[in-house]
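Pasting the structure below:
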């Protein structure tokens, strides 16, 4: 998949396969947050999940706001995990994105606070609000022709 604005962003087959597997086998916190973000549910912002950036797969991304959301499980809180997360964030931020990190526990116990933080970041970074797509067709009123 090639981003039209960044034609050098090519995703390897391995990374694409891993992203698909992560979407199928997401953690509970990821499923909960996705249920709040999908379908432009958070103030009309459009999010995607498990998107490849360089050699990493971002948990959630809002392209309009150049915002990446990462959810961290227990393995991220070790010294090595924190160093790896810092390297990962640096690579993603070098592409112009802001990275927000939340622990899985935060999503499970303080969902409203997490969503408010995300909404604030989107509002600060998005140039204009994203409008939801129109899902219904306009109903047309048929006009009968009068015969002379």
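Residue numbers (my numbering): 13 to 160. Just so you know, even glycine gets a beta-carbon here, dropped at the ideal spot from N, CA and C.
Using the three-state DSSP reduction, which class does residue i fall into: helix, strand or coil?
| i | result |
| --- | --- |
| residue 61 | strand |
| residue 70 | strand |
| residue 124 | helix |
| residue 38 | coil |
| residue 200 | The shown model of the chain, from 13 to 160, leaves out residue 200, and the question about it has no answer. |
For residue i, count neighbouring C-beta atoms within 10 Å of its own C-beta (all shown protein chains included) and say buried if the count is 16 or more, exposed if not.
| i | result |
| --- | --- |
| residue 119 | buried |
| residue 58 | buried |
| residue 42 | buried |
| residue 95 | exposed |
| residue 71 | buried |
| residue 40 | exposed |
Starting from residue i, follow its DSSP beta bridges and name the residues at the other end.
| i | result |
| --- | --- |
| residue 112 | 81 |
| residue 54 | 57 |
Do three or more CB pairs link the region 40-57 to the region 102-113 at distances below 8 angstroms? They do not touch, by the three-pair rule.
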